[in-house]
Amino acid sequence: MGRSWLRDYIIKRLIYSVIIAWCILTITFILVRVGPSSPADKYLANIAARGGDPAQVTAAVEARYGLDKPIYAQYFSYMGNLFRGNWGWSFSTSMPVIELIKTHWIYSFQLILLSSLFAAFIGMLIGIYSAVKQYTKTDYAFTFLSFIGISIPNFWLGIMLILVFSVKLGLFKTYYDTTLPLFSLDNLKALVLPVITLGTGMLAGYVRYTRSAMLDNLRKAFVTTARAKGLPERTVIGKHVFRNALLPLVTIIMFDLGSIVFGGAYLTEIIFGIPGLGQISFNAIFANDYPVVVAVTLIGTFMVLLVNLATDISYTYLDPRIRYG
Amino acid sequence: MRKFGIFLALTLVLITLTAGCAKGTTVRSDFIDGQSGGDAETLNWILAADASSFSYAGHTVDSLATYDNQFNIQLRCLAKDIEVSPDALVYTVTIRDDLKWSNGSSVTAEDYVYTLKNLMFSDWLNYPYKSDWQEEVDGKTVFVTPQAVNDTTFTIIRQTVYPEFVYNIYNLIPYPKYIAVNYEGNVEAFTQAPEFNNLTYTGNLGPYRFREWSRNDRFVVERNPDYYLGKDVGAPYFGQYIVKLFSTSATRQAALEAGDISESGIEPAEVNRLRSMPNIKVYTIPTTGYTLLAYNQRANGWEGLKDKTVRQALSMAISKQTISQAILLGFAEPAYSFIPATSQWHMDEGVAKYGVVPLYDKQKAAELLYREGYGIKEDNGAIKVTDKGGNPLHLILAVNTGSKPAEDMAFSIRKDLLALGIETEIKLVPWATLLRQYVMNSVPDSKQEAAYNNGPDAISQEPWDLILMGFSTNLLAPSGSRVFFTTQGGLNFFGYSNTEVDELFNRARSKEALDKNARQQIYAELSRVLSEEQPVDFLVFHRVNVGFQKNVMGIEPGINMGYNYYLWYFEPVK
């Protein structure tokens, strides 16, 4: 009963999420369908090679997928199907959209999850160490390395890792092998380079944020009190300082998680040939395959909204003083 | 002693097995073909408009025939070459009698006729390449008439002569009538039919059978032990043929270098380095692709481009050597018409070779432009190219983003034109924008839908003068290029019109061209006229580099290198 306000808050947020998702879905649909391109654009080279009639090919392709109908008719037809649980047929991959997503989400998910864990765990450990050992040589070294980590572009780092560890040293395969069993050491090994590629920038960021948040708290009176009470330094840092520093960190980690789902992970997927949702949606945009684009955007939207909700809820546990009206 | 005996026996077995691999017949490793051209759209190939879909399906179903590197026809599903009646109106096709669908039933002539009549020619399915099977009769567009004669023979009857029509027939692949009838008339059901999307019907028709397609990742086919061409020789020799997709050429080449894949295209800058590697062999092969610079002869292009002499002058100022040698590192050769030297229809005689010495001459180019009224003479006698009013000339060159060589070519062209005093503004635009705003056109203030050629009065949304673009030629049937160069051509977006060229393309598709010598002369004349007219500046024909692991054997490098790929094998480990 004591936390009934939280249940009401969650229900309210979920209702808002549905409305926001519907708005984003509609905007995405309109942007994809009124954009200056047609699925037939990419056939031009093949049409030219065959000496075909471009107008005939374009008309045939558009008619087959109902793209010759007015935009509003396409929109209502799509929304009607979506409402009935039919996500449509992906005409650029020739399979039901739901099947496509079911097959490929796991590749993005495992990459994002492992990268986030890797970055958060190591980043926070280094950040804590740097803060506690402020202005030592190790702190300077970590600071220097974290700036490099933040500055390195993903695509460059990924290619360099492949050239060194796969081509020169032969330690890893040059591309991600989708035939490996999901829960196997081989799969984990195949993900080492992609995780480092995607996680390095985040890790470096977490080092900086953790260090800064820790230093803020280290200067506060409750830390002096804790030390004066004779608490061991490990308890002061771990239980008091770090717990207070976690609040802004959780916001940043959750925000990162939301933003890399289909943005940051895409480049890593490209470099290592991981057929995740980032790559699927990117190709769908170029193919004008709106059922896929809209579906992936919808999933992305819900994920971001849910992550935000989870962040808000986690605040109430990290800081029991927080209440939502 | 007993252990030694077992060891000896095992050694003997091993030696015997290794010896048996001399021709690769027992080697069953997987061949991994690294590609970056984008994934296929469907395995239900009759719906496809992209090349990858045909390529994927082609691993499991052969067409009627293909051709080798010297353009000799290689029979596939054909029992003998197609017979053409003396009037070139009746084509008699005889297929092999040992072709089987997956349910064990024979592939018959009726399957081919059904595929044409009930699927390709139907209104409900919207086959994208209907025009391959259509002809103009008394001003009407009609389909040719296919007809089954018996189980293995069918005819296709035309009402008009088209000497190159036979090549459309060679490419024909059948659908199984016994399955397709279940979906007839329902495009949604046909599109989603599991038999067609999983290629479960292909029987013994191709060297491989479908196994798996992971979108944007890999397409896997496995050895077909029943393949009609492989029965006697045990081919194919790869256990699986895997098309592995890469999004970047850098990672694809790294995979080849590391030995993770068997084949990959190589970027020009990487060729020498990969050639020096002991585990890789690189073949340089010609292609049918060429890059050209289109001159806008429509109303929203610079008026000078309608003048043949002006076009000649501009082409004379643009160095093809720079493009082929400095930008494409020698993996291209200057182009002068749409027919490359690799084609049997190529003739060099009388072709004006603009862009190479002696027709690469900036001074002469400036003089030609001056003579046409586009220039002023400065005090030192030097000519500065201007518009007719004596004002500086400013041209717009549009090129799509994402291709480094294309961008480099654009900058090379700008530099060449600047030497004449012409300022060129390069507009780098995405492909969709290039097509919609620059290439497609419509008549102003009309309700016309934009298309690639909406007649002589149509103009593009954005003004332009030059567009850099890639085209390609069908080497066996070059008359298909009429889509670019005839007045009514569906891809003649630059508005070129010349009755002589229109007539020559018509002649290439007429009775007269049944005589191969006559057709050769027509193509020679077309090359000559187009090289003289310069509707576009034909810049270069491209060559590509393909790298293989050194142990891949049986490859015959050439323009159609894959024609015998079912006979490729891995050299046995010694």
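Here the protein sequences line up with chains A and B, keeping their order.
So the first sequence is numbered by the numbering used here: it starts at 1 and just counts up by one.
So the second sequence is numbered by the numbering used here: it starts at 1001 and just counts up by one.
Here a beta-carbon is modelled for each residue, glycine too, at the ideal position from N, C-alpha and C.
Model, not experiment: these values are computed from the prediction.
Item                                                                                                                                                                             : Value
Cβ of Ile1422 (chain B) within 8 Å of Cβ of Leu1395 (chain B)?                                                                                                                   : yes
For the alpha helix (DSSP H) containing Pro1268 (chain B), list its first residue and its last residue.                                                                          : Counting along the chain, Pro1268 (chain B) falls outside any alpha helix (DSSP H), and DSSP gives it neither H nor E.
May I ask which residues mark the beginning and end of the beta strand (DSSP E) holding Asn1545 (chain B)?                                                                       : Val1536 to Gln1549
Under 7 Å Cβ-Cβ, which residues of chain A neighbour Ser1481 (chain B)?                                                                                                          : Gly51
Against chain A, which members of the segment 1430-1456 of chain B pass a CB distance test of less than 8 Å?                                                                     : Trp1431, Ala1432, Thr1433, Leu1435, Arg1436, Gln1437, Ala1451 and Tyr1452
Using a beta-carbon distance below 8 Å, is Gln279 (chain A) in contact with chain B?                                                                                             : yes
Do you know offhand how far Asp1151 (chain B)'s Cα is from Trp1045 (chain B)'s?                                                                                                  : 24 Å
Taking just the CA atoms, how far does Ser1105 (chain B) sit from Ile399 (chain A)?                                                                                              : There is simply no residue 399 (chain A) to check, as chain A begins at 1 and stops at 325 in what is shown.
How is the alpha helix (DSSP H) around Leu987 (chain B) delimited, first residue to last?                                                                                        : With chain B represented from 1001 up to 1574, any question about residue 987 (chain B) goes unanswered, as that position is not in the structure.
So, is the C-beta of Ala1088 (chain B) closer than 8 Å to a C-beta in chain A?                                                                                                   : no
So does the segment 1398-1405 of chain B actually touch the segment 1381-1390 of chain B, counting three or more Cβ pairs closer than 8 Å?                                       : no
Contact defined as beta carbons within less than 8 Å: I believe Ser326 (chain A) pairs with Ala287 (chain A). What is the distance between those atoms, to the nearest angstrom? : Because chain A spans 1 through 325 in this model, residue 326 (chain A) falls outside it and cannot be assessed.
Specify, as a first and last residue, the run of the alpha helix (DSSP H) that Asp1111 (chain B) falls within.                                                                   : Ala1109 to Tyr1114
Roughly how many whole angstroms lie between the Cα atoms of Asp312 (chain A) and Arg323 (chain A)?                                                                              : 10 Å
Measure the CB-CB distance between Arg64 (chain A) and Leu1047 (chain B) and report whether it falls below 8 Å.                                                                  : yes
Going by the DSSP bridge assignment, what does Ser1106 (chain B) pair with across the sheet?                                                                                     : B:Lys1100
Any C-beta of chain B sitting closer than 8 Å to the C-beta of Gln110 (chain A)?                                                                                                 : no
Can you name the residues of chain B whose CB is closer than 7 Å to the CB of Asn46 (chain A)?                                                                                   : Ala1049, Asp1050 and Ala1051
Among A:Tyr266, A:Ile299, A:Asp319 and A:Arg321, which has the Cα closest to the Cα of Thr112 (chain A)?                                                                         : In the sequence as displayed, the identity of residue 112 (chain A) is Ile instead of Thr. Checking every option, the nearest Cα to that of Ile112 (chain A) belongs to A:Tyr266.
By alpha-carbon positions, which one of B:Asn1171, B:Ser1510 and B:Phe1541 ends up nearest to Ala1335 (chain B)?                                                                 : B:Phe1541
How about Asn1224 (chain B) and Leu1099 (chain B): do their beta carbons lie closer than 8 Å?                                                                                    : no
Determine the extent of the beta strand (DSSP E) in which Ala1040 (chain B) is found, giving its start and end residues.                                                         : That residue, Ala1040 (chain B), is in no beta strand (DSSP E); it is neither H nor E in DSSP.
Excluding the 5 residues flanking Asp216 (chain A) on each side, which residues of the same chain have their C-beta closer than 8 Å to its C-beta?                               : Ala245
If you measure from the beta carbon of Val167 (chain A) to each beta carbon in chain B, is any gap under 8 Å?                                                                    : yes
Indicate whether at least one CB of chain A lies closer than 8 Å to the CB of Thr1160 (chain B).                                                                                 : no
Along chain B, in chain order, which residues have C-beta atoms closer than 9 Å to that of Asp41 (chain A)?                                                                      : Trp1431, Ala1432, Leu1435 and Arg1436
Span of the alpha helix (DSSP H) holding Ile1467 (chain B)?                                                                                                                      : Segment Leu1466 to Ser1472 is the beta strand (DSSP E) holding Ile1467 (chain B); no alpha helix (DSSP H) there.
Would you call Ala1269 (chain B) buried or exposed, if buried means 16 or more other Cβ atoms sit within 10 Å of its Cβ?                                                         : exposed
Report yes if the C-beta distance between Ala1109 (chain B) and Phe1154 (chain B) is below 8 Å; otherwise report no.                                                             : yes
Taking the alpha-carbon of Asp68 (chain A) as reference, which of B:Glu1571, B:Glu1449, B:Lys1415 and B:Gly1265 has the nearest alpha-carbon?                                    : B:Glu1449
If you pair each beta-carbon of the segment 125-141 of chain A with each one of the segment 178-185 of chain A, do three or more pairs fall below 8 Å?                           : no
Output yes if chain A places a C-beta closer than 8 Å to the C-beta of Val1356 (chain B); else output no.                                                                        : no
Buried or exposed: Gly1355 (chain B), going by 16 or more other Cβ atoms within 10 Å of its Cβ?                                                                                  : buried
Would you kindly check if the distance between the Cβ of Lys1447 (chain B) and the Cβ of Ile1280 (chain B) is under 8 Å?                                                         : no
Is there a C-beta anywhere in chain B that falls below 8 Å from the one on Ala73 (chain A)?                                                                                      : no
Cβ atoms of Ala1326 (chain B) and Lys1362 (chain B): under 8 Å apart, would you say?                                                                                             : no
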